[in-house]
Amino acid sequence: MSSDEKSPSESIRQSADAQDARAVRAFDIRTIVGVLLGIYGVVIFIMGLTASDADLEMDAGFNLNLWTGVALIVVSAGFLIWVRLRPLVVPRPGADADEAHLE
């Protein structure tokens, strides 16, 4: 077997590692917080877009829902970018903890 070809067991192990990494990213607290803030931000932003004159009068002419929705969407994007830039690393069984952290 040449050095470019992978054995079937190595290919399966890499596939399992990729699935583990996706599962870890999906259940990372930063992902959950980012998605929830994004959903709330979109809902509040839409409420701000559809605000009546009476709603705006209550807030002294300032569309509070609109700007709060924008802020939540920006914070949500920050969380999701953070997850992409600094993903969690799943240590392999038997690997040294310091070695796994550096991967």
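Sequence positions in the sequence shown follow the working numbering and run -14 to 88.
Every residue, glycine too, gets a C-beta built ideally from N, C-alpha and C.
Coil, strand or helix - residue i by DSSP
i, result
"S61", "helix"
"V75", "coil"
"G23", "helix"
"F47", "coil"
"F30", "helix"
"T53", "helix"
"T16", "helix"
"A36", "coil"
Beta-carbon spacing of residue i, residue j below 8 Å
i, j, result
"R15", "V68", "yes"
"F64", "G19", "yes"
"I66", "F30", "no"
"V60", "L22", "yes"
"L73", "D13", "yes"
"A36", "N50", "yes"
"V75", "V28", "no"
Residue i burial status per 10 Å Cβ neighbour count (16 or more: buried)
i, result
"F47", "exposed"
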